[in-house]
Amino acid sequence: MKIAILPGDGIGPEIVTQAVKVLNALDEKFELETAPVGGAGYEASGHPLPDATLKLAKDADAVLFGAVGDWKYDTLDRPLRPEQAILGLRKNLGLFGNLRPAILYPELANASTLKPEIVSGLDILIVRELTGDIYFGQPRGVRECPDGPFKGQREGFDTMRYAEGEIRRIAHVAFQAAQKRDKRLTSVDKANVLETFQFWKDIVTDVHKEYPDVALDHMYVDNAAMQLVRAPKKFDVIVTGNMFGDILSDAAAMLTGSIGMLPSASLDANNKGLYEPSHGSAPDIAGKGIANPLATILSAAMMLRFSLNKVEQADRIENAVKKVLAQGLRTADIYEEGTTKVGTEEMGNAVVKALA
Ligand code: IPM
Ligand code: MG
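Residue numbering for the sequence shown follows the working numbering, starting at 463 and increasing by one per position.
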């Protein structure tokens with residue numbers, strides 16, 4: 463089992479180090495190979511996604527990714543910015559199915575900014591389409607405005623589009639995920655305004671015929687944002703497009719108190735995947751040893767479960783994380799009075815110890 467390790471920027475290297483430590487403690491034969499990506503890729507070879515890094519990711523059975531981005535790269539031309547690395551990996555590896563679970567561990571009920579009764583026991587899954595939509599649609603750019611009251615001025619434009627097959631395949635991922643859970647799927651769209659998402663809604667409704675055991679409903683994205691903070695536990699699985707999924711998954715993550723807790727998986731058609739924490743590179747706390755490594759450690763667990771077929775080892779890691787939380791260990795982002803504040807490395811060591 464070959465795993466590409468792409469730590470990236472900011473807190474990426476620190477948290478990935480802890481996840482690698484946990485993987486190495488499992489007594490499995492993994493071949494781990496590390497390569498620079500994001501700002502680190504740019505520093506190393508002038509591009510956020512160096513050819514060698516992309517090749518390594520393609521050749522590996524799975525990719526463990528930290529985070530990319532730093533303010534100091536904000537002035538680079540867009541194709542050279544760190545974010546292009548993750549977008550390039552998603553596109554080049556065909557990772558269209560993004561699973562973002564939002565689970566609230568009972569020990570962290572007070573870490574949420576929402577009242578405990580609203581969020582305690584929360585367990586929802588956002589299935590975000592990851593390689594289409596306005597993120598990748600062509601044409602895009604800045605041009606001379608061709609019509610309307612601002613005709614002749616410069617205008618920025620992007621293109622929102624979804625092909626039928628693109629919608630079908632993510633709908634299948636979502637229905638199948640729902641079948642393994644509470645069998646309820648909410649498809650989030652903006653069919654009241656956008657042609658693309660009326661089409662999305664129609665296709666998801668058609669795919670539903672193959673999954674009569676799953677209850678499907680449809681919700682506009684603005685309402686979905688509201689329901690996520692009003693009554694998040696009413697959701698089971700949410701499926702949506704790339705742009706709406708980006709926004710809703712951050713909101714869902716925060717329901718759990720800290721985005722530092724949430725893993726994610728980005729899968730291709732054969733369940734090969736890239737695994738990364740749902741949070742970013744947090745350059746403001748990089749190098750301080752205080753970042754929460756649990757989202758990355760839990761991403762490694764997802765990798766074992768979905769891509770490497772090591773379900774028992776995935777369970778072991780997830781149970782170890784529950785155990786350290788029950789022991790009262792907390793990084794700064796989830797700390798509350800009466801618990802024990804620990805740093806990145808101490809948290810990683812505690813998880814390793816709890817594996818036993
Ligand atoms: C995410 C991030 C990325 C996205 C950025 C870094 C390009 O926000 O994974 O949610 O917008 O998809
Ligand atoms: Mg995002």
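All residues carry an ideal CB built from backbone N, CA and C; glycine is no exception. Quick caveat: nothing in here was measured; it's all calculated off a predicted structure.
DSSP state of residue i mapped onto helix, strand, coil
i           : result
residue 813 : helix
residue 611 : coil
residue 728 : strand
residue 414 : Nothing about residue 414 can be read from this structure; the chain reaches only from 463 to 818.
residue 659 : helix
residue 819 : For the chain, the structure presents residues 463 to 818; residue 819 sits outside this window and is missing.
residue 560 : strand
residue 601 : coil
residue 774 : helix
residue 630 : helix
residue 767 : helix
residue 752 : coil
residue 479 : helix
residue 717 : helix
residue 575 : coil
residue 472 : coil
residue 803 : strand
residue 798 : coil
residue 791 : strand
Inter-residue Cα distance where the pair is residue i and residue j
i           : j           : result
residue 639 : residue 471 : 32 Å
residue 621 : residue 795 : 37 Å
residue 713 : residue 687 : 8 Å
residue 669 : residue 697 : 20 Å
residue 648 : residue 682 : 10 Å
residue 719 : residue 613 : 46 Å
residue 780 : residue 755 : 13 Å
residue 500 : residue 509 : 8 Å
residue 758 : residue 482 : 9 Å
residue 799 : residue 810 : 21 Å
residue 666 : residue 549 : 25 Å
residue 600 : residue 787 : 46 Å
residue 791 : residue 569 : 10 Å
residue 651 : residue 804 : 41 Å
residue 671 : residue 626 : 16 Å
residue 489 : residue 507 : 34 Å
residue 777 : residue 633 : 27 Å
residue 533 : residue 772 : 38 Å
residue 557 : residue 738 : 13 Å
residue 527 : residue 610 : 44 Å
residue 769 : residue 644 : 23 Å
residue 700 : residue 513 : 35 Å
residue 479 : residue 584 : 29 Å
residue 741 : residue 545 : 13 Å
residue 469 : residue 715 : 21 Å
residue 495 : residue 765 : 15 Å
residue 705 : residue 816 : 38 Å
residue 485 : residue 660 : 44 Å
Boundaries (first-last residue) of the alpha helix (DSSP H) holding residue i
i           : result
residue 552 : 545-554
residue 585 : Counting along the chain, residue 585 falls outside any alpha helix (DSSP H), though it belongs to the beta strand (DSSP E) covering 585-591.
residue 579 : 578-581
residue 651 : It is not in any alpha helix (DSSP H) - residue 651 instead sits in the beta strand (DSSP E) that spans 646-651.
Exposure of residue i, with buried meaning 16 or more beta-carbon neighbours within 10 Å
i           : result
residue 818 : exposed
residue 693 : exposed
residue 493 : exposed
residue 560 : buried
residue 615 : exposed
residue 662 : buried
residue 731 : exposed
residue 515 : buried
residue 605 : exposed
residue 608 : exposed
residue 684 : exposed
residue 814 : buried
residue 654 : exposed
residue 491 : exposed
Element boundaries [beta strand (DSSP E), containing residue i]
i           : result
residue 700 : 699-702
residue 739 : 735-739
Within the stretch 663-697, ranges of the alpha helix (DSSP H) (whole runs, at least 4 residues): 683-692
Those runs of the beta strand (DSSP E) which lie wholly inside the stretch 490-547 and span at least 3 residues: 493-496 and 524-529
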